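Everything below concerns the one structure shown next.
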Amino acid sequence: MGPVTKAPNFGVFCYLTIELTGLYALFLCLGVGLSTLEQKLTEMVSAPVEALGFEFVGLEFVRGRTSTLRIFIDSEEGITVDDCADVSHQVSAVLDVEDPISVIYNLEISSPGMERPLFTIAHYERFMGEEVALSLRIAMQNRRRWQGIIKAVDGEMITVTVDGKDEVFALGNIQKANLVPHF
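Per the numbering used here: the sequence shown = residues 1 to 183.
Structure follows, in structure tokens:
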């Protein structure tokens, strides 16, 4: 089974916050259809990517005047321009047959790069101890943007140390996450 997208197709997800008082507050959020298209696209394109011998890292669909479907691939040897072209050819063939996107879009195939996006629980586990920048779907403590060190992963909950304090985030509430490179 390939990676899953961050948000549930439907259902309820929750997250905890630790306030200054030390009390835990539980927030429940109904997540109906948050990433149906991304989930469908993941199911469609992960197999062709993996059949070519690459890791399917994840994807993002950015809507705009000209929308963009960005697919991230990786391998132990790294990714070349020719690798991206090969994957683009295979994925384009699948998308042309299935035609899941109703608007005009550009297809981009990319390596994750230094600011690697994190999509799955396995990604957070792999990069434990690394710095991450998070954007949340629903604000916690009046903040949607957080940056800190990935400390722990427990089920669908990610603990990040921010300014010396542990904050717990539900994977389903993370809209976007990227590693923060240090030079």
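Cβ coordinates follow ideal geometry from the N, Cα and C atoms, glycine included.
Every value quoted in this text rests on a predicted model; they were computed, and no experiment measured them.
Residue ranges of uninterrupted alpha helix (DSSP H) with 4 or more members, entirely inside the region 36-68 and ordered along the chain, are 36-51.
With the rule of 3 Cβ pairs closer than 8 angstroms, the region 132-151 does not count as touching the region 73-86. For D166, the enclosing beta strand (DSSP E) starts and ends at K165 to A170. With 16 or more other Cβ atoms from the protein chains shown falling within 10 Å of its own Cβ, D83 counts as buried. When DSSP reads this structure, F119 sits in no beta bridge, so it has no partner.
Look at N142 here: in three-state DSSP terms it is coil, with no helix or strand label.
C-alpha of F54 to C-alpha of D166: approximately 35 angstroms in a straight line. In this structure N173 is buried. Its beta-carbon is surrounded by 16 or more other beta-carbon atoms within 10 angstroms.
When DSSP states are grouped into helix, strand and coil, D99 belongs to the coil group. When beta bridges are read from the DSSP output, R70 appears opposite E60 and E108. Residue pairing of N178 in beta bridges, as defined by DSSP: P117 and A133. With respect to I158, Y124 sits close: the two C-beta atoms are nearer than 8 angstroms. Comparing C-alpha distances from V103 to each of F61, A177, E156 and F169 shows the shortest one belongs to F61. With a cutoff of 8 angstroms on beta-carbon distance, R70 and S110 are scored as near each other. As DSSP reads the structure, I150 sits in a beta bridge with V160. The C-beta distance from L59 to L41 rounds to 6 angstroms, short enough to fall under 8 angstroms. Per DSSP, reduced to three states, the secondary structure at E77 is coil, with no helix or strand assignment.
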